[in-house]
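Reviewing the structure listed below.
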Amino acid sequence: MKKILILGLLLCTVNFAKAQEKIEWLKFEEAVAATEANPKMLLVDVYTDWCGWCKKMDKETFTDPAVIQYINERFYAVKMNAEDTKRTFDFKGKEYSEAQMAATMRVRSYPNFVIIDPTLKNITQLPGYRQPAEFLDGLGQIIENGFGAK
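According to mature numbering (1 follows the signal peptide of the UniProt record, and there is no 0), the sequence shown holds residues -19 to -1, 1 to 131 in order.
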């Protein structure tokens, strides 16, 4: 019996660790639906395929365990290609491509991280490449300053 209990706890620990191996990226419309059911802020990573700093964020910052845990716990994370004019979705009764939504959010440099409050009304930006500690600090300051508070 003791062995079964220990094995069960070990499996739970392994499953939790695996769940935190990567950021749970969603499509924009999936994140909007999720926040309507369970309010959280959205973190939208606006990138382009040619952006070297975007790739560096993916490789170095978004693989950091502390960043993964922080984002997965506090945000619905979204990847949005600022040049994708083909994939469309509805938001607040209008149809947008990813490129149109990036323009609507006034993103003009990459990478850029758009934070949207749980009411889906207020946004702020955290532009530019950041190493893990710097990125967490920037997100923490946004939350600390009351952005996204209900």
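Quick reminder that beta carbons are idealized off the backbone N, C-alpha and C, glycines included. Note that the coordinates shown come from a computational prediction; the quantities given were computed from them, not determined experimentally.
Is it buried or exposed for residue i, if we count other Cβ within 10 angstroms and need 16 for buried?
i, result
"E79", "buried"
"N93", "buried"
"R111", "buried"
"Y16", "In the sequence as presented, Tyr is not what sits at residue 16; that position holds Thr. Buried, since its Cβ has 16 or more Cβ neighbours within 10 Å."
"T66", "exposed"
"G(-12)", "Low local confidence applies: a pLDDT of 46 at G(-12) is under 50, so the model's placement there is unreliable, and no value is given."
"A47", "exposed"
"A84", "exposed"
"A14", "exposed"
"A63", "buried"
"A12", "buried"
Could you give the C-beta distance for residue i and residue j, rounded to a whole number, given that I count them as a contact under 8 Å?
i, j, result
"P99", "M22", "6 Å"
"G121", "L107", "Wrong, their Cβ atoms sit about 11 Å apart, outside the cutoff."
Can you name the start and end residues of the alpha helix (DSSP H) that residue i belongs to?
i, result
"T85", "E79 to T85"
"D118", "P113 to E125"
"V13", "F9 to A18"
"Y51", "P46 to R55"
"K37", "G33 to K37"
Considering only their Cβ atoms, is the gap separating residue j from residue i smaller than 7 Å?
i, j, result
"I96", "I123", "yes"
"I104", "F43", "no"
"C35", "Y91", "yes"
"F70", "E115", "no"
From which residue to which residue does the beta strand (DSSP E) around residue i run?
i, result
"Y91", "No beta strand (DSSP E) contains Y91, which DSSP labels as neither H nor E."
"F70", "T69 to F72"
"L24", "M22 to Y28"
"L108", "Reading the sequence as shown, one finds Pro at residue 108 and not Leu. Per DSSP, P108 belongs to the beta strand (DSSP E) from I104 to P108."
Contact between the stretch 59 to 67 and the stretch 25 to 34 is defined here as three or more beta-carbon pairs at a separation below 8 Å; is this criterion met?
yes
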